[in-house]
Amino acid sequence: MTTLVIDTATSRTSVGLFDGAVPLFAGRHDGATEHGEALPPLVSGALDLGRPITQVLVGMGPGPFTGLRVGITFAEVFARAKGVSWSGICSLDGIVSGIKGEYIVATDARRKEIYWAKFDSGKRITEPKVSLPEEVRAMGLPVYGEGASKYGFEADIDMIYPHPLFMLAALEWADGVHQPMYLRKPDAVPTSER
Amino acid sequence: MTQSLPLVLGIETSCDETAVGIVSGRKLLANVIASSVNEHERFGGVVPEIASRAHLEAVWPAIARATNEAKVSLDDLDAIAVTAGPGLVGALLVGVSAANGLALALDKPLYGVNHLASHVAVDLLTHDKTVGPAIALLVSGGHSSILKLDSLAGSYEQLGRTLDDAAGEAFDKIARLLGLGFPGGPLIDSEAKSGRAEIDFPRGMTAAKDQADHRFDFSFSGLKTAVSRYVKATPEYQRANVAASFQEAVVDVLTMKSIDACKESGIETLLIGGGVAANSRLREMAEDRAAKAGLELRIPPASLCTDNGAMVAALGAELLRQGVKPSDLGIAVDSSASVSVVSF
Ligand SMILES: [Zn+2]
């Protein structure tokens with residue numbers, strides 16, 4: 165089983181290639197508006213190893229919409245064109261590993277908000293939400309991820325972005341996600357309400 | 027055989043149409059269009075985020091349907107082409123990401139192409155003559171330009187553009203004002219059929235001074251204001267007459283300036299493309315005036331005027347045929363791409 169792993173739900177674009185659980189390739193690019201340009205060369209780097217891909221795994225968010233869609237669209241079309249299976253997981257499930265007890269994983273939702281969910285010893289126990297950091301702060305739990313450092317939570321680990329290795333591991337326990345996790349409605353006011 | 031008749035799949039997602047077309051050389055094999063237009067209706071215009079979400083949902087089904095209709099397999103393709111600009115950034119990115127996914131999965135060359143040049147390239151599919159030199163009038167909800175081109179994959183110059191609303195936007199706004207709904211183009215066209223163009227609305231950018239400074243530019247905001255004032259001041263106005271008179275004012279300027287552009291540059295072919303090219307009065311007046319001026323007029327059938335994937339595929343096939351280098355990995359979409367860049 166050779167798995168291509170892709171995530172574009174945060175400001176990082178991540179690509180990994182695995183033979184079973186053995187990493188063959190890992191590449192990343194940081195830039196909140198550069199997913200579209202960064203992803204193809206990264207995947208091309210993984211394909212250069214010449215291994216036939218047998219499945220594709222992609223982070224379905226939550227994440228800022230435009231970048232998030234780059235990874236999902238690419239992953240779905242790539243997998244279908246190859247005739248291999250593809251699956252999606254919640255990107256928050258692939259950020260943190262090896263922490264005991266309850267904690268929060270949060271990413272940057274922009275507009276002064278964070279996307280977050282509660283975990284217990286490596287497994288997510290709530291649905292992802294988008295809210296002000298204060299709502300999370302009031303829970304008094306450790307907070308990890310991109311949304312932690314940006315909003316002044318104490319984060320003493322360097323697990324900040326979805327990591328292909330943890331995403332692949334999460335595939336073992338996480339629920340499959342079939343739709344992009346936008347968590348917000350598009351900004352638009354019907355003409356009747358203007 | 028593939029040398030002379032390249033099989034190319036084109037993806038177009040620059041606005042609210044998720045479109046995939048397949049051509050073999052200059053022959054149209056499939057033209058699949060899924061539109062999110064109904065989802066935008068209650069907002070009175072295209073909402074970029076709604077359009078982008080719809081593109082993600084629709085893009086693979088459109089690819090699959092197009093290969094079915096064309097009776098080809100993805101492996102048979104010689105290249106992929108995709109609109110990389112101008113257009114809505116988030117919308118363009120879905121198409122470009124899908125195209126990248128296809129190109130890398132199939133190990134095929136990818137051409138990121140200019141949306142405006144694609145509107146011109148669709149002309150390839152309707153006859154077997156060469157395309158260009160020509161003047162192209164491209165009018166839609168997103169653009170209103172007069173272009174001059176020497177050849178399809180050659181050099182393009184924008185002679186004029188709209189200084190405010192696109193022509194299609196003006197149709198949308200007036201349709202809303204008249205309570206006709208969205209999108210405005212076809213609704214005004216059919217309403218106007220039972221009316222008389224007897225109200226003398228202003229023709230934007232045609233005064234002597236504007237003709238000097240903005241010879242081939244358009245402006246529709248003054249017209250919009252005039253229609254709105256007229257409707258307010260005339261409680262018992264005849265809707266069909268207002269629609270017909272507004273349409274006449276738009277079409278008059280569009281055709282007049284394009285024909286002037288042909289005359290001034292000594293070019294004998296006028297191409298019209300974009301969604302507004304489906305307007306029946308525009309077709310009628312353009313035919314009439316082009317004939318009088320001794321110009322050859324080419325307007326593709328309506329299904330190839332509105333945004334579509336076939337036009338993108340047609341341009342891609344032409345670039346491939348001419349041996350133009352494919353795009354590098356990681357095409358940057360360009361929402362305001364200039365028409366001087368045909369492929370990215
Ligand atoms: Zn267009």
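From first to last, the protein sequence lines stand for chains P and Y. Residue numbering for the first sequence follows the working numbering, starting at 165 and increasing by one per position. Residue numbering for the second sequence follows the working numbering, starting at 27 and increasing by one per position. We put the CB at the ideal spot given by N, CA and C, even for glycine. Everything numeric in this text was worked out from a predicted model, so none of it was measured.
Beta-carbon neighbours of residue i, restricted to chain P and to distances below 8 Å
i                      : result
residue 69 of chain Y  : 352, 353, 354, 355
residue 75 of chain Y  : 229, 350, 351, 352
residue 82 of chain Y  : 233, 236, 237, 344
residue 257 of chain Y : Per Cβ cutoff of 8 Å: no residues; residue 257 of chain Y is ~17 Å from chain P at best.
residue 253 of chain Y : Going along chain P, no residue has its Cβ under 8 Å from residue 253 of chain Y, so there is no contact; the nearest lies around 18 Å.
With 16 other Cβ atoms within 10 Å as the buried cut-off, status of residue i
i                      : result
residue 207 of chain Y : exposed
residue 355 of chain P : exposed
residue 280 of chain P : buried
residue 187 of chain P : exposed
residue 215 of chain Y : buried
residue 343 of chain P : exposed
residue 337 of chain P : exposed
residue 144 of chain Y : buried
residue 253 of chain Y : buried
residue 28 of chain Y  : The predicted model places residue 28 of chain Y with a pLDDT of 42, which falls under 50 and marks its position as unreliable; any figure quoted below should be read in that light. It counts as exposed.
residue 306 of chain P : buried
residue 289 of chain P : exposed
residue 169 of chain P : buried
Reduced DSSP category for residue i - H, G, I as helix; E, B as strand; rest coil
i                      : result
residue 343 of chain P : coil
residue 185 of chain Y : strand
residue 53 of chain Y  : strand
residue 28 of chain Y  : Residue placement at residue 28 of chain Y is flagged as unreliable, the pLDDT there being 42, under the threshold of 50; a coordinate-derived value is accordingly withheld.
residue 308 of chain P : strand
residue 140 of chain Y : strand
residue 37 of chain Y  : strand
residue 167 of chain Y : coil
residue 165 of chain P : coil
residue 176 of chain P : strand
residue 287 of chain P : strand
residue 171 of chain P : strand
residue 264 of chain P : coil
residue 89 of chain Y  : helix
residue 293 of chain P : strand
Limits of the beta strand (DSSP E) - the one that residue i falls within
i                      : result
residue 47 of chain Y  : 43 to 50
residue 148 of chain Y : Run containing residue 148 of chain Y: none; DSSP gives neither H nor E here.
residue 187 of chain P : 186 to 194
residue 323 of chain Y : 322 to 324
residue 348 of chain Y : No beta strand (DSSP E) holds residue 348 of chain Y; DSSP gives it neither H nor E.
Selected residue, minimal CA-CA separation from residue i, among the options
i                      : options                    : result
residue 31 of chain Y  : Y:359, Y:352, Y:345        : Y:345
residue 165 of chain P : P:217, P:202, P:201        : P:217
residue 77 of chain Y  : Y:65, Y:70, Y:88           : Y:65
residue 265 of chain Y : Y:150, Y:155, Y:81, Y:201  : Y:201
residue 300 of chain P : P:315, P:286, P:288, P:287 : P:315
residue 101 of chain Y : Y:111, Y:129, Y:107        : Y:129
residue 355 of chain Y : P:205, P:357, P:252        : P:205
residue 171 of chain Y : Y:180, Y:235, Y:158, Y:185 : Y:185
residue 250 of chain P : P:275, P:223, P:262, P:259 : P:223
residue 33 of chain Y  : Y:359, Y:358, Y:340        : Y:340
Partner residues on chain P for residue i, Cβ-Cβ distance less than 9 Å
i                      : result
residue 78 of chain Y  : 229, 230, 233, 350
residue 119 of chain Y : 199, 200, 230, 231, 233, 234, 237
residue 116 of chain Y : 229, 230, 233
Cross-chain neighbours of residue i in chain Y, by beta carbon under 9 Å
i                      : result
residue 241 of chain P : 85, 86, 89, 123, 124, 125, 126, 127, 128, 131
residue 167 of chain P : None at all; the shortest Cβ gap to chain Y is about 15 Å.
Host alpha helix (DSSP H) of residue i (start-end)
i                      : result
residue 102 of chain Y : No alpha helix (DSSP H) holds residue 102 of chain Y; DSSP gives it neither H nor E.
residue 211 of chain P : 199 to 211
residue 334 of chain P : 328 to 334
residue 242 of chain P : 229 to 246
residue 277 of chain Y : 265 to 291
residue 250 of chain P : Premise fails: residue 250 of chain P lies in the beta strand (DSSP E), 249 to 253, not in any alpha helix (DSSP H).
Residue i: contacting residues in chain Y (beta-carbon distance under 8 Å)
i                      : result
residue 293 of chain P : Per Cβ cutoff of 8 Å: no residues; residue 293 of chain P is ~20 Å from chain Y at best.
residue 211 of chain P : 130
residue 215 of chain P : The premise fails here: residue 215 of chain P is roughly 14 Å from chain Y at the closest Cβ pair, so nothing lies under 8 Å.
Contact set between residue i and chain P, taken where Cβ atoms lie within less than 7 Å
i                     : result
residue 35 of chain Y : Those do not exist, as residue 35 of chain Y stays about 10 Å from chain P at its closest Cβ, beyond 7 Å.
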